[in-house]
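First up is the structure itself, then whatever we jot down about it.
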Amino acid sequence: METLKPTHDQPVYAEVYISDMPALKNLFLQTQTLRQLNQNFGVPFLLVKKKSEVVAFASLVISEKGEIAFKIYEDRLSDAEKRNFNQHAESYFRKNNTANFRNPEQLKSSISRMVGWLNIG
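Be aware that the sequence shown starts at 54, since it is given in this note's numbering, and climbs by one per residue.
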């Protein structure tokens with residue numbers, strides 16, 4: 054995915070990389086007022102940066118119905134920025150055909166491993 058150059062305080066969307074995990078973990082813990090990650094953290098796939106700071110991310114989760122969905126965790130996005138990011142994440146979600154996006158059992162396993170790994174560090 055192409056990362057766009059920010060202008061002023063414009064949000065920049067990017068795919069999530071392993072190097073982003075500490076920032077995503079911190080954002081999740083702050084917005085959820087938790088001390089450790091739980092299954093709701095999911096598997097992050099898309100993030101938003103403002104001035105090189107992560108302010109939101111979209112994460113694959115298992116819905117209450119047992120289906121694959123995504124949830125957005127954010128801090129300091131305007132309503133318009135939230136809508137734009139949600140639309141961007143929805144489009145990315147629909148187009149991706151990898152196992153975590155299409156196989157609920159695979160996603161459950163990936164979430165469990167990721168949460169366990171991130172809670173160690």
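Ideal placement from N, C-alpha and C gives every residue a C-beta, glycine not left out.
Worksheet item: Sorted by chain position, which residues of the same chain lie with C-beta nearer than 6 Å to V168's C-beta, five sequence neighbours on each side aside?
Response: Translated into positions along the sequence shown, residue 168 becomes position 115. Closer than 6 Å at Cβ, skipping near neighbours: L90 and F94.
Practice prompt. Closer than 7 Å by C-beta to A142: which residues in its own chain qualify, once you throw out the five before and the five after it? Chain order, please.
Written response: Position 89 of the sequence shown, counted from the start, is the residue given in the question as residue 142. Correct list, in chain order: L99, A111, F123 and I125.
Fill in: Span separating the alpha-carbon of E120 from that of P157
By one-based count along the sequence shown, residue 120 stands at place 67. By one-based count along the sequence shown, residue 157 stands at place 104. The straight-line gap from Cα to Cα measures roughly 6 Å.
Worksheet entry | Cβ distance (whole Å) where A67 is taken to contact K103 below 8 Å | In the sequence shown, the residue the question calls residue 67 occupies position 14. In the sequence shown, the residue the question calls residue 103 occupies position 50. Not really, about 12 Å apart at Cβ, beyond 8 Å.
Worksheet item: How close, in whole Å, do the beta carbons of R129 and V96 come, if the pair is a contact with beta carbons under 8 Å?
Response: Mapped onto the sequence shown, residue 129 falls at position 76. Mapped onto the sequence shown, residue 96 falls at position 43. That pair is no contact at about 23 Å.
Worksheet item: Who does A67 pair with in a DSSP beta bridge?
Response: Residue numbering aside, residue 67 sits at position 14 when the sequence shown is read from its first letter. Per DSSP, L100.
Item to complete: Assign L87 to one of two classes, buried (16 or more other C-beta atoms within 10 Å of its C-beta) or exposed (fewer than that).
Response: In the sequence shown, counting from the first residue as 1, residue 87 sits at position 34. L87 comes out exposed.
Worksheet item: L113: which of S144, M74 and L160 sits nearest, CA to CA?
Response: Here residue 113 is taken as the residue at index 60 of the sequence shown, counted from 1. Of the candidates S144, M74 and L160, the one whose C-alpha sits nearest the C-alpha of L113 is L160.
Discussion item. Please classify K78 as buried or exposed, where buried requires at least 16 neighbouring CB atoms within 10 angstroms.
Written reply: Indexing the sequence shown from 1 puts residue 78 at position 25. So K78 ends up on the buried side.
Discussion item. If you measure between the beta carbons of S165 and N153, is that distance less than 8 Å?
Written reply: By one-based count along the sequence shown, residue 165 stands at place 112. By one-based count along the sequence shown, residue 153 stands at place 100. Not in contact: S165 and N153 (Cβ atoms no closer than 8 Å).
Worksheet item: What number of angstroms, rounded off, separates the C-alpha of L171 from the C-alpha of N137?
Response: Position 118 of the sequence shown, counted from the start, is the residue given in the question as residue 171. Position 84 of the sequence shown, counted from the start, is the residue given in the question as residue 137. Between L171 and N137, the C-alpha separation is close to 29 Å.
Worksheet entry | For P64 and E134, believed in contact at Cβ under 8 Å, the rounded distance | Taking the sequence shown and counting its residues from 1, the one referred to as residue 134 is at position 81. Taking the sequence shown and counting its residues from 1, the one referred to as residue 64 is at position 11. Going by Cβ atoms, the distance from E134 to P64 rounds to 5 Å, so yes, they are a contact pair.
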